[in-house]
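Data block below; observations after.
Residue numbers (my numbering): 179 to 416.
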């Protein structure tokens, strides 16, 4: 019996030693793999942003998010030319087609106390400077006293028949609130008003240069002819 025990013990030792060595090799291989992965992530051109979340058992779990700052920057609008809007017939209009034009962008209404004076003077400005690079973009809006209740077709007919408007009149939009058109969110963020960014009434006017940069904002009561000097400056007219 003693000899048998002596023969068995070394065999068990060998097996245990072999198993221990295998475990050590596996751990070392796993460690090396993790190190290789960490070095690879460290060399990645995309930054790693550490974040922490909690699972159902309330234990925090760390993870990483890759974020491409270049793509985020490129998606942000830089000028009026970065927007696409709808015309009165529902067709898409890429505002980049107005590159090289000085723009007056205005929210209009057909039944406002400012309607006659603003439409009349806008038409006068347009007739005077359209051949020199002025364009007027009119956006009907019914948010102020419900003074633009008509359909797009009715609005266009009113402006073109009564005021001889030859400049484009677009789809009716909201200029304030959650449903505000993206263009108007951009306009308001570019040039805030005296009492905050929101549009206060019909016929608020924005002036944009030939590169689509918003350079000025005018109150509803500011007459279009009173901003003629600013228009001429952007047009390069002495």
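Ideal placement from N, C-alpha and C gives every residue a C-beta, glycine not left out.
Would you identify the three-state DSSP class for residue i, choosing helix, strand or coil?
| i | result |
| --- | --- |
| residue 318 | strand |
| residue 334 | helix |
| residue 340 | helix |
| residue 260 | helix |
| residue 386 | strand |
| residue 292 | coil |
| residue 282 | strand |
| residue 358 | strand |
| residue 345 | coil |
| residue 272 | strand |
| residue 353 | coil |
| residue 254 | coil |
| residue 375 | coil |
| residue 313 | strand |
| residue 231 | Any reading at residue 231 is ruled out, since the residue's pLDDT is 45, under 50, leaving its predicted position unreliable. |
Closest by CA to residue i, which one among the options?
| i | options | result |
| --- | --- | --- |
| residue 417 | 399, 313, 318 | As displayed, the chain neither begins before 179 nor continues past 416, which places residue 417 out of reach and without an answer. |
| residue 275 | 286, 259, 263 | 259 |
| residue 337 | 285, 377, 355, 358 | 285 |
| residue 358 | 257, 263, 394 | 263 |
| residue 395 | 327, 256, 377, 270 | 377 |
| residue 328 | 409, 266, 401, 411 | 266 |
| residue 391 | 415, 273, 406 | 273 |
| residue 380 | 319, 413, 404, 331 | 319 |
| residue 369 | 283, 279, 269 | 283 |
Is the separation between the beta-carbon of residue i and that of residue j shorter than 9 Å?
| i | j | result |
| --- | --- | --- |
| residue 384 | residue 350 | no |
| residue 256 | residue 388 | no |
| residue 401 | residue 253 | no |
| residue 409 | residue 382 | no |
Practice problem: Count the CB pairs spanning the region 295 to 306 and the region 340 to 350 that are closer than 8 Å, and state whether there are at least three. | Solution: Touching, yes, given that three or more Cβ pairs across the two stretches are closer than 8 Å.
Exercise. Determine, using beta-carbon pairs with one atom in the region 359 to 379 and one in the region 303 to 314, whether at least three such pairs fall under 8 Å.
Key: no
Practice problem: Mind the definition here: the region 317 to 335 touches the region 282 to 294 only if three or more C-beta pairs lie below 8 Å; say whether that holds. | Solution: yes
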